[in-house]
Amino acid sequence: MKKKKGLKRIFHKEKQLNRSAAGNGLLFTLMVICGVLMALPLVMLTNNALKPLDELFQYPPKIFVKNPTMENFSDLFYLMSDSMIPFSRYILNTLIITGFGTVGHVIVASLAAYPLAKHKFPGKDFLMKLVILSMMFSQAVTQIPIYMVVSFLGINNTYLALILPAWQYGMGLYLMKQFMEQIPDSLMESARLDGSSEWNTFLHIVMPNVKPAWLTLAIFQFQAMWGNTGTQYLRSEQLKPLQYALQQIAAGGMARQGASAAVQFIIALIPIAFFLICQSNIIETMTTSGMKD
Amino acid sequence: MKKRDNLSIEEKTQTKYTLSEQIARERASYLMIAPYFILFFFFTILPVGMSMLLSLTHFNMLEPPTFIGWDNFLKLFLEDDIFIIALKNTLIMAVITGPVSYFLCLMFAWIINEFNGKLRAFLTLIFYAPSICGQAYLIWKIILSGDRYGYLNSFLLKLGIIDAPILWFNTENYVMPLLVVVQLWLSLGTGFLTFIAGLQTIDKSLYEAAAMDGVKNRWQELWYVTLPSMKPQLLFGAVMQITSSFTIADVSIQLAGNPSTNYAGATVVTHLLDYGSVRYDMGYASAIAVVLFFLMVGTNKLVQKLLRRVG
Chain A
0 MKKKKGLKRI
10 FHKEKQLNRS
20 AAGNGLLFTL
30 MVICGVLMAL
40 PLVMLTNNAL
50 KPLDELFQYP
60 PKIFVKNPTM
70 ENFSDLFYLM
80 SDSMIPFSRY
90 ILNTLIITGF
100 GTVGHVIVAS
110 LAAYPLAKHK
120 FPGKDFLMKL
130 VILSMMFSQA
140 VTQIPIYMVV
150 SFLGINNTYL
160 ALILPAWQYG
170 MGLYLMKQFM
180 EQIPDSLMES
190 ARLDGSSEWN
200 TFLHIVMPNV
210 KPAWLTLAIF
220 QFQAMWGNTG
230 TQYLRSEQLK
240 PLQYALQQIA
250 AGGMARQGAS
260 AAVQFIIALI
270 PIAFFLICQS
280 NIIETMTTSG
290 MKD
Chain B
0 MKKRDNLSIE
10 EKTQTKYTLS
20 EQIARERASY
30 LMIAPYFILF
40 FFFTILPVGM
50 SMLLSLTHFN
60 MLEPPTFIGW
70 DNFLKLFLED
80 DIFIIALKNT
90 LIMAVITGPV
100 SYFLCLMFAW
110 IINEFNGKLR
120 AFLTLIFYAP
130 SICGQAYLIW
140 KIILSGDRYG
150 YLNSFLLKLG
160 IIDAPILWFN
170 TENYVMPLLV
180 VVQLWLSLGT
190 GFLTFIAGLQ
200 TIDKSLYEAA
210 AMDGVKNRWQ
220 ELWYVTLPSM
230 KPQLLFGAVM
240 QITSSFTIAD
250 VSIQLAGNPS
260 TNYAGATVVT
270 HLLDYGSVRY
280 DMGYASAIAV
290 VLFFLMVGTN
300 KLVQKLLRRV
310 G
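Those protein sequences? They're chains A and B, same order as listed. Under numbering that gives the first Met the number 0, the first residue of the first sequence carries the number 0, and numbering increases by one thereafter. Under numbering that gives the first Met the number 0, the first residue of the second sequence carries the number 0, and numbering increases by one thereafter.
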């Protein structure tokens, strides 16, 4: 550990060589100004969640809360306990859909990205082009054909109807492939000479080297899965995710404004928590080591 | 394992193989890509193929589609005035927000990378916030509210710049510039996070070597070391930017309405959604999607060519 820290300090000194104080000051000021503008929705969400009803209805609306209260959350928890099926079921559904949707996509996309980035085989360029082109076709018109495919496969009204399509998003494959391209060939060549199988190389050399990539992909996919209400495929109430249940509560009209503000807060909070876990892992692992030959 | 050894040596001496030999040699590759591409076939290739075929039909989602050839496309370009407006708006938005957003993503990712540890994670969150908080852009509805209590109106009234509140999203001339501003505010999404991750994977020793080779400041470092080292991410970011800049719709529909005042905020995708989910004319909506597809593919070709020159 100590040795690592020492190295880090040297590296910092080296880096400081190319950094002027004026430049640092300029960048810092810029970030503060822009940061305020960008943080606006976060500030607003948090304040709204803490506003008592009379402040939520106040006109003209104010951004900051005057008398913060947790009432909205207790309202929300009361409504949750009152739902048709136990609320824990919605949470379980979300865990399954979001969990498998995210982890599965990262695995399936990474697995496909590795040969596409690093091996030469017939059809490779064609397949990659197909994936990139497919990202440019509007998803608004493919909804109905996808529904037909889902019905044809007989997975309508199951978790799979949400999970399987999510595993093949083109963006994930493309993202992983781009990062894997940067891994020096010599790394894989030496693994091969050491007698490592392709699967082994993938697991122990490729994946650790592109950790920032798959953590980032996990963030994107988690957001997408978390935001999915699944209403077009899931008819049974027992299968529906938390997002759906929360939005149902929030849509209850005027009397639910308080609970609705709490819902908006929670809907944003979960992906933010996931985001922070992933981001801090990216930074932790990569500050000391870059990719080396 | 021994077999693999021999192959890799063979690979260097002998490069010509027949197709079936190549396929046999790369069996592991095909196994690895199989799960993805089987799913991809079912949930992307088939649906996109079906949509493309539907663009040649009349399909109202109740009766089976009837083949009408190029009629949808002819109608689109020759009779549909609103489509022409939407196309023009989309191109303007894409030409402005595309490059500017892309540049902003890169710039902020790079600046954030200059900060250390915890502060960097925090800044990343703040700047990514508009993309993570659901429909965060609805906040602009309050800021740009058309009455005198909207933040911008009340601010301008107080300063005495205007003497009556402006109906921002109902005034034709303001719609487009405001949508562009909101869209730019929303820029820091996929590309931004990817660039942040990309900056993390750059080999740090490259910077040390560059410093010795006479790179004097951070700007030179950016051009000579950082950008060339993250070319794959730059290409990826460009594709994502194209797909988002050409498909601006939600922001326009939520803020300016669909249809917007005199179609000032109409884009190709709002037009598509109008036909697809309001008028249930799936054939026509698919034709719009096909036109948009070729527009994006063409732009992508051009942009990828430009990006190859970086560094």
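Built from N, CA and C at the ideal position, the CB exists for glycine as well.
- Item | A284(B) - containing alpha helix (DSSP H), residue span | Residues M281 to L306.
- Query: Under a three-way DSSP split, which group does T246(B) fall into?
  - Reply: Coil at T246(B), not helix or strand.
- Item | Chain-order list of residues whose beta-carbon lies under 7 Å from that of I204(A) (same chain, five-residue window excluded) | The beta carbon of I204(A) lies closer than 7 Å to those of L186, M187 and A190 in the same chain, with the five residues before and after it left out.
- Message: Please classify E20(B) as buried or exposed, where buried requires at least 16 other C-beta atoms within 10 Å of its C-beta.
- Response: When all chains shown are included, E20(B) counts as exposed.
- Message: So for R119(B), helix, strand or coil by DSSP?
- Response: Taken through DSSP and simplified to helix, strand or coil, R119(B) comes out as helix.
- Query: Alpha carbon to alpha carbon, what distance is there between S100(B) and V105(A)?
  - Reply: Going by the C-alpha atoms only, they are around 27 Å apart.
- Query: What in chain A is Cβ-close to C104(B), meaning under 8 Å?
  - Reply: Ordered by position in chain A, no residue passes the 8 Å Cβ test against C104(B), which lies about 13 Å from the chain.
- Task: Measure how close the beta-carbons of P211(A) and T200(B) come, nearest whole angstrom, since I'm counting them as under 8 Å.
- Result: Sure, about 6 Å apart at Cβ, within 8 Å.
- Message: Out of N299(B), F114(B) and Q182(B), which one is the CA nearest neighbour of D249(B)?
- Response: Residue Q182(B) is the option with its Cα nearest to D249(B).
- In three-state terms, what does DSSP make of T96(B)? Three-state result, T96(B): helix.
- Query: Can you name, in chain order, every residue of its own chain whose Cβ lies under 7 Å from the Cβ of L94(A), other than the five neighbours on each side?
  - Reply: So no residue of the chain qualifies.
- Task: Return the CA-CA distance between K321(A) and N216(B), expressed in angstroms with no decimal places.
- Result: Past the boundaries of the shown model lies residue 321(A); chain A is included only from 0 to 292, so the question cannot be answered.
- Message: Per DSSP, what are the beta-bridge partners of T17(B) in this structure?
- Response: In the DSSP output, where bridge partners are listed per residue, T17(B) has none listed.
- Message: Below 8 Å on the Cβ atoms is my contact criterion, and I expect F42(B) with V140(A) to pass it. Report the Cβ-Cβ distance as a whole number of Å.
- Response: So it is not a contact: roughly 14 Å between Cβ atoms.
- Query: What residue range is occupied by the uninterrupted alpha helix (DSSP H) comprising D184(A)?
  - Reply: D184(A): member of the alpha helix (DSSP H) spanning D184 to L192, first to last residue.
- Please confirm if A32(B) has its CB atom under 7 Å from at least one CB of chain A. In the sequence as presented, Ala is not what sits at residue 32(B); that position holds Ile. So yes, I32(B) belongs to the interface.
- Whose CA, out of M60(B), L75(B), T189(B) and F36(B), lies closest to the CA of K123(A)? For the residues M60(B), L75(B), T189(B) and F36(B), the minimum Cα distance to K123(A) belongs to F36(B).
- Return the chain-ordered list of same chain residues with a C-beta closer than 7 Å to the C-beta of A108(B), the five sequence neighbours on each side being excluded. Around A108(B): F191, F194, I195 and L198.
- Closer than 7 Å by beta-carbon distance: list the chain A residues that pair up with A311(B), in chain order. A question about residue 311(B) goes unanswered here, because the residues of chain B that appear run from 0 up to 310.
- When you compare each of D280(B), R308(B) and A255(B) to W139(B) by their alpha carbons, which one comes out closest? Nearest neighbour of W139(B) by Cα position, chosen from D280(B), R308(B) and A255(B), turns out to be A255(B).
- N172(B) - containing alpha helix (DSSP H), residue span: Per DSSP, N172(B) belongs to the alpha helix (DSSP H) from E171 to W184.
- Query: So which residues on chain A does A27(B) lean against when the C-beta distance must stay under 7 Å?
  - Reply: Those are E197, listed as they occur along chain A.
- In chain B, what lies closer than 8 Å to T215(A) by C-beta? Listed along chain B, the residues sitting closer than 8 Å to T215(A) by beta-carbon distance are L192, T193, I195 and A196.
- What does G229(A) reach in chain B if we use C-beta pairs closer than 7 Å? Per Cβ cutoff of 7 Å: no residues; G229(A) is ~15 Å from chain B at best.
- Can you tell which of L44(A), M37(A), P40(A) and A217(A) has its C-alpha closest to the C-alpha of Q263(A)? When each option's Cα is compared against that of Q263(A), the closest is L44(A).
- Query: Of all the CB atoms in chain B, is at least one closer than 7 Å to the CB of L44(A)?
  - Reply: Judged by the 7 Å Cβ criterion, L44(A) is in contact with chain B.
- Out of F292(B), Y150(B) and S276(B), point me to the one whose CA is closest to N257(B)'s CA. The candidate whose alpha carbon is nearest that of N257(B) is S276(B).
- K304(B) versus G226(A) - alpha carbon distance: Cα to Cα, the separation comes out at about 35 Å.
- Message: Measuring straight from C-alpha to C-alpha, what distance separates F82(B) and Y279(B)?
- Response: Inter-residue distance for F82(B) and Y279(B) is about 17 Å (C-alpha atoms, whole angstroms).
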